[in-house]
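Below is one structure, written out as structure tokens; comments come after it.
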Amino acid sequence: MSLPTLRMIGFVIGLFLLTVAASMLIPMITLILLDHQSELSAFAWSCVITAIAGLALAGGGRPKHASLRPRDMYMLTTASWIAVCIFAALPMVLVHHISYTDAFFETMSGITTTGSTVISGLDHASPGLLIWRSLLQWLGGIGFIAMAVAILPLLRVGGMRLFQTESSDWSEKVMPRSHMAAKYFLGIYIAFTLLGFVGFWLAGMTPFDAINHSMTSIATGGYSTSDASLGNWQQPAVHWVAVALMICGGVPFTLYVATLRGNLKALWRDQQVRGFVGFLVITWLTVGTWLWLNSDYSWLDAFRITSLSVTSIVTGTGFAVTDYSLWGGFAILLFFYLTFVGGCSGSTTGGLKIFRFQVAYVLLRANLQQLVHPRAVIKQQYNKHNLDEDIVRSLITFSFFFAVTIAVLALGLSLTGVDWMTALTGAATAVCNVGPGLGPVIGPAGNFSTLPDAAKWMLTVGMLLGRLEILTVLVLFTNTFWKH
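Quick note: to get this note's numbering, add 3 to the position in the sequence shown (first position is 1).
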């Protein structure tokens, strides 16, 4: 990798760090408005340190005669997320006085919208810290939308090329279109956040709680301002607002843009969206009816609780209204399976994504037909795209390494001394960016604070791998990448 390329990557990372520094002004303003100025200096120092680092990288301006090739995007994507986490962790160390390991874990969990936490006592925590955690997830959500739409299809990662659009081309001639798409995404994202804020406020939350939960709901992150998560608010309206926002965050943002530009049927015609919504509704009805038959809940309460819990797990948000691990073995196994599903490509969700399950079904059906009619030419299409060999190969490769990553991470966690359920579900929830695992330690009623530091660093790597679709990071460790 040439020196001009490295300088270009450093310049872009510097801009990201300056954005993080500017974002730290929001918790500072919050502390002033809520009269918690004793913690103001911690955020001020964090802002100054981050800004200095950003200026050191970007202050010299954009390097001349330097451009980024598609292969350089792998390095830029991975390095930028790590660099942002390094500096965004500073306020948590200075305000909450936790170790840097815990702060980096919390920050990576936030920026990847995983939602796993090591912080307890949230009901009485600093409002600046709470708004910073939520803001990290909000920024991570819009950042992943941009990456999933503009970068991953270009890099041919995990079948994402199925959703390649004109805005995925980074050549100079379409750069104005890329800027236009980015403005649409940001505008839609802000609009959903404001609507969520109003909805939560009207449903019974305070304005502070409402804006925090609105940001983490649309980002499908799951950070809350209470240790009990959404279980701290028993108003049904609060739960349904969260469900609506999580679904909105789980839908491809490119389709929102298409709808605003006049294609009013873009959302419902999309095979992925129909599969996503259909899967949620069927699971709601099935699990809700089962809970109603096996508990003292009324059917409406059982349906509401399971709707929020299922949507939270499928979209990788991680909100909890009750400890579903107490519902019995069927619920525990079901929610473990749901951990892997995910929402739609081009959304804020994690997991395998719905489209990969749908493509797998298309391939299975075609192979079964080929067994019956060996000489037939069977057309394989998904969402009006031909499934060529390149797409199928990348999808199979991603799915294989997705499973291998979880298996290896679980084995590594078990070496730190944690029990098998914590190791397995912790690895799955990290790579799938869901948040809570299962069991008494990291389940919906627990958190990750008691895990050894080695386990926290392993889970941090798992979160990053899962959020960046694994192959984006693994390619950096190949000899081919570093050869000229």
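Backbone N, C-alpha and C fix where the C-beta goes; we use that ideal spot for every residue, glycine too.
Note that the structure is a prediction, hence the values are computed from the model and not measured.
- For secondary structure counted as the alpha helix (DSSP H) over 4 or more consecutive residues, the segment 383-458 holds these complete runs in sequence order: 392-418 and 423-434.
- With the rule of 3 Cβ pairs closer than 8 Å, the segment 112-124 counts as touching the segment 435-453.
- In the structure shown, the three-state DSSP call for Pro-255 is coil.
- Residue nearest to Asp-230 within the set Ser-452, Ser-5 and Ala-448 is Ala-448 (criterion: CA-CA distance).
- Between the beta-carbon of His-216 and that of Ala-245 there is about 7 Å, and that keeps the pair under the 8 Å contact cut.
- A direct Cα-Cα distance of roughly 14 Å separates Ala-185 from Pro-255.
- Nearest in C-alpha terms to Ser-315, of all of Gly-234, Pro-73 and Ser-5, is Gly-234.
- Counting of Cβ neighbours within 10 angstroms places Tyr-340 among the exposed residues, the total staying below 16.
- Relative to Phe-279, the option among Gly-63, Gly-346 and Trp-287 whose CA is nearest is Gly-346.
- With a cutoff of 8 Å on beta-carbon distance, Gly-190 and Gly-143 are scored as not near each other.
- When secondary structure is reduced to three states using DSSP, Pro-239 falls in the helix class.
- Annotation for Ala-261: Ala-269 place their beta carbon closer than 7 Å to its own, counting only its chain and skipping 5 residues before and after.
- Fully contained in the segment 45-82 is no alpha helix (DSSP H) run of length 4 or more.
- Met-27 is the residue among Glu-392, Met-27, Tyr-259 and Leu-79 whose C-alpha sits nearest the C-alpha of Leu-93.
- Per DSSP, the continuous alpha helix (DSSP H) segment holding Thr-309 begins and ends at 302-317.
- Excluding five sequence positions before and after Pro-130, the CB atoms of its chain that fall closer than 7 Å to its own CB belong to Thr-33, Leu-34, Leu-37, His-39 and Phe-211, given in chain order.
- Put simply, the backbone Cα of Ser-70 is about 16 Å away from that of Leu-18.
- The three-state reading of DSSP puts Met-466 in helix, counting H, G and I together.
- Under the three-state reduction of DSSP, Pro-377 is assigned to coil, being neither helix nor strand.
- The alpha-carbon of Asp-273 is positioned some 33 Å away from that of Ala-82.
- For Thr-325, the closest C-alpha among the options Ala-430, Gln-237, Leu-471 and Arg-396 is that of Gln-237.
- With fewer than three CB-CB distances shorter than 8 Å, the segment 393-402 does not count as touching the segment 370-381.
- Of the residues Thr-419, Thr-428 and Tyr-103, the one whose Cα lies closest to the Cα of Thr-408 is Thr-428.
- Linking Met-11 to Tyr-187 through their CA atoms gives a straight-line distance of about 26 Å.
- Positions of the alpha helix (DSSP H) runs, each at least 4 residues long and wholly inside the segment 83-122, are given as 93-99 and 103-114 in order along the chain.
- Put simply, the backbone Cα of Leu-267 is about 15 Å away from that of Arg-277.
- By the Cβ rule, the segment 365-372 does not count as touching the segment 124-138, because fewer than three pairs are nearer than 8 Å.
- Going by DSSP, Ile-35 is part of the alpha helix (DSSP H) stretching over 28-36.
- Contact annotation: His-242 and Leu-336 have beta-carbon atoms that are not nearer than 8 Å.
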